[in-house]
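Residue numbers for the sequence shown, in the working numbering: 1 to 697. Using N, Cα and C, we set each Cβ at its ideal position, and we do this for glycine too. Remember, it's a predicted structure, so these values are computed and weren't measured experimentally. A quick write-up on the structure given underneath.
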Amino acid sequence: MEDTDILDTDENELQRLLEDELEEDSEFGSNTGEQNPRRVARRKKFHRHTQRQIHEMEALFRECPHPDDKQRKELSRALGLEPLQVKFWFQNKRTQIKAQNERQENSHLREENVRLSSESTMMREALRQGLCIKCGGCGDCPAMGEWASEGNDIRAENAKLKGEIERISAIVAKYVGKQPMNSHQHSPPVIPSLTMGTGLGVYNVGLELVKGTGIEKQVIIELAVASMDEVIGMAQLGEPLWMSRIDWPLDTLNEGIYNQSFLRGLGMKLTGLKTEATRQTVVVPMKAVNIIEMLMDANRWMAFFPSIVSRGATLDVYSRGAADNFDGALQVMSAMFQMATPLVPRREGLFVRYCKQHAEKTWAVVDVSLDGLRPNPSLTWRRRPSGCLIQEMSESFSKVTWVEHMEVDDTDVAEIYKPLVNSGLAFGAQRWALAMKRQCHRIANVNNDAPVNRIGVLTSVVMRKNLMKLSERMVRIFANGVSSATSDQWSLVAGTGANNGVRATTRKRQNQRGCPPGIILNATTSVWLQVPTRRLFEFLHSETSRCQWDILTNNGVIEEVSQVADGGSHGNCITLLHVKNESLHSSLMLLQESSTDASGAYVIYAPLDDVAMGMVLDNSEPDLVELLPSGFAVLPDGPVGLLNERNTACSLLTVSFQILLHAAPSERIPVSSITAINNLIAGTVDRIKSAVSSGDS
């Protein structure tokens with residue numbers, strides 16, 4: 001029965017009985033001679049418990065501290081007491097035992113508190129004086145030197161992390177509506193997969209998802225910070241992380257060392273995917289801040305790398321960073337990367353881009369894939385932390401070290417392209433860095449006041465810029481057509497593209513800026529040729545050999561009207577060509593871009609009518625010019641050919657033509673048109689093979 005159970009007795013009477021019982025216990029054994037008459041009178045009604053009664057009740061208490069009604073009544077009859085007296089005795093006994101236990105526990109806790117306080121005081125004094133607790137600061141302890149050195153390292157790292165916390169917390173505060181927290185006010189929790197102490201965990205950013213991704217913002221920000229350190233380390237470290245080989249033109253990533261050093265971002269490699277890891281350093285004629293501005297603007301980034309980036313967009317901006325140098329800029333982007341061949345699948349993905357000033361005059365821009373963070377059983381590609389380290393040099397030059405690290409499933413890559421793709425040359429750092437170098441040289445030359453006799457009719461900087469923008473758009477249209485980029489809505493023509501043959505695609509355009517209305521047919525094929533890349537490019541680039549493969553020239557005279565060179569290798573230029581045929585009384589203007597470097601070569605051209613030429617010369621908007629580009633992409637068939645220009649080196653040639661079939665997008669494509677363009681592609685390839693193999697070039 002509960003202690004609070006009360007028999008059928010008046011509450012005041014119970015209280016009075018309890019008081020009398022306590023008074024009896026307190027007065028038992030007292031030698032006080034004078035007593036309160038009222039108490040004496042009341043004690044006449046009750047008697048103290050005898051030794052026998054106490055002994056019996058204690059015996060039952062040891063067996064059952066909480067006797068029920070029946071047990072109390074039996075005990076009261078045996079002892080000659082009221083049941084209520086027995087009940088109160090047991091209540092008092094329980095209270096007495098509880099008080100004794102509490103006094104003992106309090107005494108033990110006080111002793112423990114004194115001991116811990118003493119130890120704490122001793123440790124604080126030892127830390128304050130820098131003494132060893134074991135040896136008392138005698139100086140003979142060998143661990144003291146190690147502890148002092150480790151302490152200095154930890155303090156330096158702590159100071160660095162505090163700065164990182166305060167800077168990143170300011171970024172997060174923009175999105176959660178909180179003031180940035182000081183780094184020493186909170187200790188951030190450590191995310192198991194990301195051991196960087198960035199301080200982001202103290203903010204409630206995990207509840208907000210990035211638009212269209214289903215991924216928490218906190219996870220993305222932590223991933224970006226961890227990836228920044230990884231890319232900086234991969235850009236700066238040499239052996240044993242990067243190993244060089246005599247028989248291989250590129251440094252090779254030591255995956256064992258990498259796994260030991262950098263697993264805080266995306267973790268271990270996905271099962272079944274191959275690794276592509278490359279690094280390339282170039283010096284470019286552009287200021288670091290201008291490079292960063294280009295990389296952080298999706299549209300300018302696409303225009304800067306038209307043959308690589310088919311599509312790019314910024315989905316969400318966490319921070320725009322510092323106004324003068326983008327330090328701390330963080331944004332989520334999507335992009336599609338391509339090669340100039342239909343035999344290598346495009347790589348499309350979602351990633352976060354993060355810019356940080358690493359040191360004085362040194363910045364880093366880092367990309368890391370977000371696709372692997374979402375469940376996706378069909379994932380065939382993801383980009384591990386990649387990007388570039390940009391060091392500003394004197395005279396408006398910058399040193400750029402580019403790192404590309406990817407995991408990819410090459411199942412759908414054609415066999416003739418697998419050596420090139422698996423080496424990392426197809427989508428690797430060399431291709432990005434050399435394209436940046438070429439484009440920076442071109443921009444520098446466009447902005448210079450070059451002599452008139454070199455640039456022909458393009459006497460103004462604005463004209464040259466218009467020509468460069470027009471050429472960039474031509475290259476992008478060509479590359480998208482070759483790879484059949486979905487962003488341009490190309491549709492495969494049934495019955496084409498099988499067995500590495502001619503692949504024909506179409507797109508319908510009507511009232512679209514910069515595109516002729518009607519059905520545009522794009523035909524592409526890729527072949528392997530036992531010809532060195534350089535020799536094949538020079539044949540296609542040469543004006544004297546053009547009549548051997550180009551049906552547009554009709555054996556006419558080709559004259560170079562204007563040229564915008566990039567200042568790099570011979571053959572890297574944008575040219576305006578005038579083709580004149582006296583016998584046919586016709587003339588034609590061609591816009592052509594030629595480029596070549598270790599990653600490959602391009603010759604891309606498009607006819608321009610009088611209206612288009614007038615728009616270029618009148619400083620009009622170049623995006624309004626209608627273009628139908630055709631041309632060639634010449635790539636090495638693998639990394640071995642890059643070691644030297646041996647005659648045994650081979651090339652991968654892609655030929656592509658775009659033709660306007662008719663002006664009615666609703667009409668069906670006749671079979672004769674498909675047959676005609678197939679014959680055109682096959683005839684061009686045969687003429688090139690015959691010319692370069694016979695040495696006519």
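Minimum Cβ-Cβ distance from residue i to chain B less than 9 Å
i: K399; result: Looking at the structure shown, chain B is missing, and only one protein chain is on hand.
Cβ-Cβ distance between residue i and residue j below 9 Å
i: T275; j: E407; result: yes
i: A298; j: M333; result: yes
i: V564; j: K437; result: no
i: I416; j: L536; result: no
i: K399; j: T575; result: no
i: C650; j: L529; result: yes
i: F559; j: L588; result: Residue identity check: residue 559 is Glu in the sequence provided, not Phe. Result no, Cβ atoms of E559 and L588 do not sit closer than 9 Å.
i: F61; j: R72; result: no
i: P419; j: P639; result: yes
C-alpha distance - residue i paired with residue j, whole-angstrom precision
i: A691; j: F478; result: 25 Å
i: V366; j: P385; result: 7 Å
i: M613; j: A340; result: 27 Å
i: R454; j: D609; result: With a pLDDT of 44 at R454, under the threshold of 50, the predicted position of this residue should be treated as unreliable, though the coordinate-derived value follows. So the alpha carbons of these two residues sit roughly 23 Å apart.
i: T351; j: E404; result: Per the sequence shown, the amino acid found at residue 351 is Phe instead of Thr. Straight-line Cα distance between these residues: approximately 14 Å.
i: D686; j: V671; result: 23 Å
i: Q391; j: H358; result: 10 Å
i: P517; j: I669; result: 15 Å
i: L295; j: N678; result: 39 Å
i: Y203; j: V219; result: Reliability of the predicted coordinates at Y203 is poor, the pLDDT of 27 falling under 50, and no value is obtained from them.
i: C573; j: S261; result: 43 Å
i: I681; j: C388; result: 39 Å
i: L241; j: A335; result: 29 Å
i: I520; j: A429; result: 34 Å
i: P65; j: R103; result: 20 Å
i: T50; j: Q85; result: 13 Å
i: N581; j: G556; result: 4 Å
i: Q331; j: S545; result: 48 Å
i: G481; j: N522; result: 6 Å
i: A226; j: A329; result: 15 Å
i: A504; j: M228; result: 42 Å
i: P636; j: V413; result: 16 Å
i: L237; j: T362; result: 16 Å
Chain-order list of residues whose beta-carbon lies under 7 Å from that of residue i (same chain, five-residue window excluded)
i: N447; result: V461
i: G683; result: none
i: R346; result: S310, M336, F337, Q338, S483 and A485
Residue interval of the alpha helix (DSSP H) (run including residue i)
i: D316; result: Note, D316: premise wrong, no alpha helix (DSSP H); beta strand (DSSP E) at V309 to S319.
i: A226; result: K217 to Q236
i: Y258; result: E255 to S261
i: F61; result: Q51 to E63
i: A479; result: V461 to S483
i: L295; result: A288 to L295
i: N432; result: What sits at residue 432 in the sequence shown is Trp, not Asn. Unbroken alpha helix (DSSP H) run through W432: A429 to N447.
i: A323; result: First-last for A323: undefined, no H or E at that position.
i: L389; result: No alpha helix (DSSP H) holds L389; the beta strand (DSSP E) holding it covers S386 to E392.
i: Q548; result: No alpha helix (DSSP H) contains Q548, which DSSP labels as neither H nor E.
i: R535; result: T533 to H541
i: L521; result: Element bounds for L521: not the alpha helix (DSSP H) but the beta strand (DSSP E), G518 to L529.
i: R72; result: D69 to L79
Sequence-distant residues of the same chain with beta carbon closer than 6 Å to residue i, five excluded per side
i: E125; result: none
i: A303; result: E472
i: H541; result: G571, S594 and V603
i: S673; result: L661
i: R382; result: S369, D371, G372 and E407
i: W432; result: W402
i: R476; result: P306
i: D597; result: L434
i: S693; result: none
Unbroken beta strand (DSSP E) run spanning residue i, endpoints
i: V603; result: G600 to L608
i: M333; result: L330 to F337
i: F305; result: Note, F305: premise wrong, no beta strand (DSSP E); not H, not E.
i: D367; result: T362 to S369
i: K274; result: K274 to V284
Close beta carbons around residue i, own chain, < 8 Å, minus the five adjacent residues each side
i: R245; result: T252
i: L470; result: L591, V616, P622, V625 and L627
Quiz item: For the 8 Å Cβ check, are there 3 or more pairs between the segment 243 to 261 and the segment 408 to 418?
Solution: no
Quiz item: Counting Cβ pairs, one atom from each stretch, are 3 or more of them under 8 Å apart for the segment 355 to 373 and the segment 310 to 318?
Solution: no
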